[in-house]
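Participant:
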Amino acid sequence: GAVVSQHPSRVICKSGTSVKIECRSLDFQATTMFWYRQFPKKSLMLMATSNEGSKATYEQGVEKDKFLINHASLTLSTLTVTSAHPEDSSFYICSARGDTGGYSGNTIYFGEGSWLTVV
Amino acid sequence: AQSVTQLGSHVSVSEGALVLLRCNYSSSVPPYLFWYVQYPNQGLQLLLKYTSAATLVKGINGFEAEFKKSETSFHLTKPSAHMSDAAEYFCAVRGHFGNEKLTFGTGTRLTIIP
Numbered sequence: 001g002a003v004v005s006q007h008p009s010r011v012i013c014k015s016g017t018s019v020k021i022e023c024r025s026l027d028f029q030a031t032t033m034f035w036y037r038q039f040p041k042k043s044l045m046l047m048a049t050s051n052e053g054s055k056a057t058y059e060q061g062v063e064k065d066k067f068l069i070n071h072a073s074l075t076l077s078t079l080t081v082t083s084a085h086p087e088d089s090s091f092y093i094c095s096a097r098g099d100t101g102g103y104s105g106n107t108i109y110f111g112e113g114s115w116l117t118v119v
Numbered sequence: 120a121q122s123v124t125q126l127g128s129h130v131s132v133s134e135g136a137l138v139l140l141r142c143n144y145s146s147s148v149p150p151y152l153f154w155y156v157q158y159p160n161q162g163l164q165l166l167l168k169y170t171s172a173a174t175l176v177k178g179i180n181g182f183e184a185e186f187k188k189s190e191t192s193f194h195l196t197k198p199s200a201h202m203s204d205a206a207e208y209f210c211a212v213r214g215h216f217g218n219e220k221l222t223f224g225t226g227t228r229l230t231i232i233p
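Chains A and B, in that order, are what the protein sequence lines are. If you read the first sequence in this note's numbering, its first letter stands for residue 1, the second for the next number, and so on. If you read the second sequence in this note's numbering, its first letter stands for residue 120, the second for the next number, and so on.
#1: Take residue 162 of chain B as the anchor and find which of A:113, A:87 and A:118 has the nearest alpha-carbon.
#2: Have a look at A:117, A:107 and A:116 and flag the residue whose alpha-carbon is nearest the alpha-carbon of residue 167 of chain B.
#3: If you draw a straight line from the C-alpha of residue 91 of chain A to the C-alpha of residue 14 of chain A, how long is it?
#4: Once you ignore the five residues that flank residue 178 of chain B on each side, which residues in its own chain have a CB closer than 6 Å to its CB?
#5: If you compare alpha carbons, which of B:194, B:204, B:146 and B:201 is closest to residue 127 of chain B?
#6: How would you label residue 36 of chain A, buried or exposed, when you count the other beta carbons within 10 angstroms and need 16 or more for buried?
#7: Is residue 161 of chain B close to chain A, meaning its C-beta is less than 7 Å from at least one C-beta of that chain?
#8: Which word fits residue 232 of chain B, buried or exposed, when buried means at least 16 other C-beta atoms lie within 10 angstroms of its C-beta?
#9: Can you list, in chain order, the residues of its chain with a C-beta nearer than 7 Å to that of residue 39 of chain A? Leave out the 5 residues immediately preceding and following it.
#10: In the segment 124-147 of chain B, which residues sit with their C-beta less than 7 Å from some C-beta in chain A, listed in chain order?
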């Protein structure tokens, strides 16, 4: 089946620095990728929708200047947390829509997630 | 706006017993519905999906779910629980073309009692 890979799986960074998380679709092309944030023991909150070659669409309340999303190719989207603070510590999960042709068959595949700890 | 409600944040069943995780949806159009499983410190894995075809959907690991329009439900079941089924389960709804965002329920943590 389709695989989405995230890297790094865990990262610790100092407050005030920036950190980049990569999301790759390994065996399919993904024109659309999604970034979620999950707080401990909570559900997933959609942060933004990333479309290849265009600007990401951010959900209400998500700071676009803080969470920079780039979708430079059909297999790679990146999330950069800029000037990270401890409150940004969370589990970040990406997903990619598998464009299998025929909308009803498209499935969303999730990455393994990335734990960000800001100290 | 579309949404899903998962009844019961925690469910415990004995090994070998029936698993029933409840999900009700709200959508102005026939929705696409999904169940995902999340193991500790991992991402989400698709269990099954409903996309307007058969109302009884079979997924991986012996799980299945039935779409009931009259009850706006999409409950997840498994006839016989296994210890490896212990995880967090999320129901999700997605709209049609132009509204493709997944909206998740709050999740149900399934515990299996030996």
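Ideal placement from N, C-alpha and C gives every residue a C-beta, glycine not left out. Source: prediction; values computed, not measured.
Facilitator: So, from the listed chains and residues:
#1: A:113
#2: A:107
#3: 17 Å
#4: 166 and 167
#5: B:194
#6: buried
#7: yes
#8: exposed
#9: 90
#10: none
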